[in-house]
Amino acid sequence: MSESPVKKRYRRQELEKESESSDSSDYEPYVPIKERKKEQLLKLGKLSQLKDEASRGKSSSENEKEDEDGKIWGRKSNISLLDQHTELKKMAEAKKESAMERQLKEEEKILESVAEKKALMGVAELAKGIQYEESLKTSWRAPRCVLNLGNERHERVRNKLRILVEGEDVPPPCLSFAEMKFPRSILAGLQAKNIVKPTPIQVQGLPTILSGRDMIGIAFTGSGKTLVFVLPLIMFCLEQETKMAFIKNEGPYGLIICPSRELAKQTYDIIQYYVSVVQKHGGPSLRSVLAIGGIPVAESLEVISKGVHIMVATPGRLMDMLDKKMVNLNMCRYLCMDEADRMIDMGFEEDVRTIFSFFKGQRQTLLFSATMPKKIQNFARSALVKPVTINVGRAGAASINVIQEVEYVKQEAKIVYLLECLQKTTPPVLIFAEKKQDVDAIHEYLLLKGIEAVAIHGGKDQEERSRSVEAFRAGKKDVLVATDVASKGLDFQDIQHVINYDMPDDVENYVHRIGRTGRSGKTGLATTFINKANDESVLLDLKHLLIEAKQKVPPFLAELQSENEKYLDLGDERGCSYCGGLGHRITDCPKLEAIQSKQASNIGRRDYLANNAADY
200 MSESPVKKRY
210 RRQELEKESE
220 SSDSSDYEPY
230 VPIKERKKEQ
240 LLKLGKLSQL
250 KDEASRGKSS
260 SENEKEDEDG
270 KIWGRKSNIS
280 LLDQHTELKK
290 MAEAKKESAM
300 ERQLKEEEKI
310 LESVAEKKAL
320 MGVAELAKGI
330 QYEESLKTSW
340 RAPRCVLNLG
350 NERHERVRNK
360 LRILVEGEDV
370 PPPCLSFAEM
380 KFPRSILAGL
390 QAKNIVKPTP
400 IQVQGLPTIL
410 SGRDMIGIAF
420 TGSGKTLVFV
430 LPLIMFCLEQ
440 ETKMAFIKNE
450 GPYGLIICPS
460 RELAKQTYDI
470 IQYYVSVVQK
480 HGGPSLRSVL
490 AIGGIPVAES
500 LEVISKGVHI
510 MVATPGRLMD
520 MLDKKMVNLN
530 MCRYLCMDEA
540 DRMIDMGFEE
550 DVRTIFSFFK
560 GQRQTLLFSA
570 TMPKKIQNFA
580 RSALVKPVTI
590 NVGRAGAASI
600 NVIQEVEYVK
610 QEAKIVYLLE
620 CLQKTTPPVL
630 IFAEKKQDVD
640 AIHEYLLLKG
650 IEAVAIHGGK
660 DQEERSRSVE
670 AFRAGKKDVL
680 VATDVASKGL
690 DFQDIQHVIN
700 YDMPDDVENY
710 VHRIGRTGRS
720 GKTGLATTFI
730 NKANDESVLL
740 DLKHLLIEAK
750 QKVPPFLAEL
760 QSENEKYLDL
770 GDERGCSYCG
780 GLGHRITDCP
790 KLEAIQSKQA
800 SNIGRRDYLA
810 NNAADY
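With this note's numbering as the guide, the letters of the sequence shown map in order to residues 200 to 815.
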């Protein structure tokens with residue numbers, strides 16, 4: 200009886216303690232000494248001591264679990280620190296690889312979602328399900344002496360000249376114009392222009408086109424791409440005219456489409472030169488026509504009515520003439536799109552598809568540019584038959600012959616600093632600006648300072664534009680101020696210096712601009728003004744472009760770092776697969792984001808307009 204009250208008192212004390220503990224808000228659970236010691240040893244990295252103690256009373260499965268922990272966190276007495284470091288490094292690399300794989304998968308999904316699902320073919324061909332399996336056949340064959348050299352030699356030549364080739368049964372590279380079987384008249388014309396040896400894009404591109412193959416040609420600015428598609432076309436037209444002369448209203452046999460009037464005029468002038476050379480050497484007369492805005496249609500129709508072999512046009516004028524049945528493409532078997540990425544880019548697919556619809560049969564299709572991102576290449580292939588892709592250097596890379604200088608200049612100081620920049624070299628000099636009003640302001644300022652300058656932009660009429668370009672080309676004027684209408688493909692002799700008054704919104708435009716200098720193996724200088732007004736993503740692209748070209752990176756650019764710097768170079772694809780910029784990936788592409796925003800706003804606008812129209 201004496202024991203029971205003690206027992207009851209003990210239980211009551213326990214209950215009181217439990218109630219007190221439940222009421223107190225700052226209660227901390229009791230941790231046994233063994234557990235505290237274990238935590239301390241974990242912090243010190245002495246898991247091996249714990250293992251010895253725990254191995255006595257624990258199951259084998261628990262031991263295995265602790266051993267795994269030891270691999271990750273513990274310091275092992277039986278393994279050297281060097282081996283542990285190597286093991287940890289391997290584990291870190293494995294984790295890094297998995298992160299890269301996730302990034303690549305995400306990029307593939309984005310690229311697939313923005314890829315054009317509709318093939319780049321004519322509407323009638325798509326509707327009838329017409330698909331061409333074989334390339335067009337031509338009478339040209341590579342010389343037997345070149346073919347007998349074997350594939351190993353061909354690969355050595357390509358590697359030496361840094362020519363990357365994709366495609367089936369690629370024709371062999373030819374190292375001279377004579378090997379390409381050009382007639383004496385063409386060789387004499389090349390000699391007169393001091394063109395003795397073919398450039399890398401010509402070495403591989405000319406035999407490919409002469410063989411009748413469809414082709415995507417990518418090479419840096421000033422590498423001689425124009426001759427790659429002009430000379431084979433003249434050869435094909437000579438063959439057609441010799442077999443059966445063109446009659447009235449027949450043709451064209453070949454069509455070249457250019458994105459700007461100035462580039463179309465330049466291409467037309469090159470064709471006219473070689474056509475006249477052929478005629479002087481007793482060859483047949485070939486007729487070519489220029490169809491661009493600003494030139495009276497009557498002039499073009501006069502040539503077409505006689506029967507035309509070659510037509511050089513801009514998309515707008517060409518579509519207008521096709522719609523009005525002023526010209527037809529029934530006989531056309533050769534189509535070249537110069538600066539093709541600009542015409543196939545967002546907003547131009549339908550125009551190109553409409554032009555394709557006017558063809559009555561299979562054609563040899565050629566696409567050329569200095570900048571052609573993977574997205575454009577993949578889309579363009581849908582229009583080509585067994586295409587050969589020829590790439591000299593990375594698509595979108597700057598010419599190695601251009602010294603690039605980037606300077607931080609405040610917005611208000613730009614126009615004054617121009618005079619100082621002009622003194623870096625002797626004329627001729629090209630100045631690029633984004634806005635038309637800036638071009639006019641710079642032009643006026645230079646004239647006031649007594650500098651012989653001319654200006655061109657989209658707001659000026661064609662006659663004034665042509666007059667300005669010709670005066671600059673002839674050396675009568677020292678400076679040409681222009682918007683990006685002068686940045687694509689235009690070839691001016693001996694341009695010493697290109698000044699970017701402002702950095703363009705797209706790094707592709709920057710590559711085209713600076714490519715006006717440093718052409719045909721000569722060295723040139725490009726100066727670009729940047730400041731805090733420029734978009735950071737474009738500056739990052741510029742920074743990595745400078746690094747790639749082994750150019751000096753100014754401190755202002757060097758300080759810029761992207762969030763995904765570690766992902767800029769993954770696998771075969773560098774930078775962004777959508778726009779080609781090196782400073783970001785497709786997941787952060789500002790161009791893609793801007794296009795998607797524009798599309799979204801247009802959808803909203805269409806819905807709004809449709810609703811309003813329904814109300815009325």
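We put the CB at the ideal spot given by N, CA and C, even for glycine.
Chain-order list of residues whose beta-carbon lies under 6 Å from that of residue i (same chain, five-residue window excluded)
| i | result |
| --- | --- |
| residue 600 | 717, 722 |
| residue 584 | 331, 334, 413 |
| residue 614 | 644 |
| residue 671 | 653, 679 |
| residue 667 | 653, 655 |
| residue 516 | 490, 491, 492 |
| residue 834 | With the chain running from 200 to 815 in the structure shown, residue 834 is simply not present. |
| residue 750 | 603 |
| residue 535 | 428, 455, 565 |
| residue 665 | none |
| residue 433 | 473 |
| residue 459 | 684, 687 |
Per DSSP, cross-strand counterpart(s) of residue i
| i | result |
| --- | --- |
| residue 525 | None, per the DSSP bridge assignment. |
| residue 699 | 631, 727 |
| residue 558 | 528 |
| residue 534 | 454, 564 |
| residue 416 | 567, 589 |
| residue 510 | 454, 488 |
| residue 364 | 589 |
Host beta strand (DSSP E) of residue i (start-end)
| i | result |
| --- | --- |
| residue 497 | Unbroken run through residue 497 is the alpha helix (DSSP H), 496-505; no beta strand (DSSP E). |
| residue 681 | 678-681 |
| residue 653 | 652-655 |
Close Cβ partners of residue i (< 7 Å) along its chain, the five nearest in sequence each way excluded
| i | result |
| --- | --- |
| residue 379 | 373, 405, 406, 409 |
| residue 529 | 559 |
| residue 424 | 400, 416, 418, 567 |
| residue 482 | 384, 437 |
| residue 689 | 461, 462, 465, 715 |
| residue 339 | 380, 409, 410 |
| residue 719 | 421 |
Assumed close pair residue i, residue j - CB separation to whole angstroms, cut-off 8 Å
| i | j | result |
| --- | --- | --- |
| residue 737 | residue 713 | Not a contact, Cβ separation roughly 14 Å. |
| residue 426 | residue 390 | Wrong, their Cβ atoms sit about 13 Å apart, outside the cutoff. |
| residue 581 | residue 421 | Between residue 421 and residue 581 the Cβ distance is about 30 Å, and since that is not below 8 Å, they are no contact. |
| residue 376 | residue 363 | At roughly 23 Å, the Cβ-Cβ gap does not stay under 8 Å, so residue 376 and residue 363 are not in contact. |
| residue 513 | residue 463 | 5 Å |
| residue 634 | residue 651 | That pair is no contact at about 23 Å. |
| residue 605 | residue 753 | 5 Å |
| residue 509 | residue 451 | 6 Å |
| residue 755 | residue 607 | 5 Å |
| residue 570 | residue 711 | 7 Å |
| residue 504 | residue 448 | 6 Å |
Alpha helix (DSSP H) segment containing residue i, residue limits
| i | result |
| --- | --- |
| residue 667 | 661-672 |
| residue 434 | 424-442 |
| residue 757 | 754-757 |
| residue 684 | First-last for residue 684: undefined, no H or E at that position. |
| residue 746 | 735-747 |
| residue 329 | Per DSSP, residue 329 belongs to no alpha helix (DSSP H) and is neither H nor E. |
| residue 388 | 383-391 |
| residue 710 | 706-713 |
| residue 718 | No alpha helix (DSSP H) contains residue 718, which DSSP labels as neither H nor E. |
| residue 403 | 399-409 |
| residue 356 | 350-359 |
| residue 343 | 343-346 |
Other residues of its chain near residue i: CB distance less than 8 Å, five sequence neighbours each side excluded
| i | result |
| --- | --- |
| residue 708 | 683, 686 |
| residue 200 | The pLDDT assigned to residue 200 is 46, lower than 50, so where the model puts this residue is not dependable; a value taken from the coordinates is nonetheless given after this. The answer is none, since no qualifying residue turns up. |
| residue 562 | 335, 531, 532, 533, 534 |
| residue 695 | 624, 625, 626, 627, 628, 716, 723, 724 |
| residue 485 | 433, 436, 437, 440, 474, 477, 478, 508, 509 |
Residue i: CB within 6 Å of a non-hydrogen atom of the ligand COA
| i | result |
| --- | --- |
| residue 718 | Ligands are entirely absent from the displayed structure, and the ligand COA is therefore not among its contents. |
* Which residue spans inside the segment 451-493 form an unbroken beta strand (DSSP E) run of at least 3? -> If we require 3 residues or more, the beta strand (DSSP E) runs fully inside the segment 451-493 come out as 453-456, 487-490.
* Unbroken stretches of the beta strand (DSSP E), 3 residues or longer, contained in the segment 566-624 -> Within the segment 566-624, the complete beta strand (DSSP E) runs of at least 3 residues are 587-591, 601-607.
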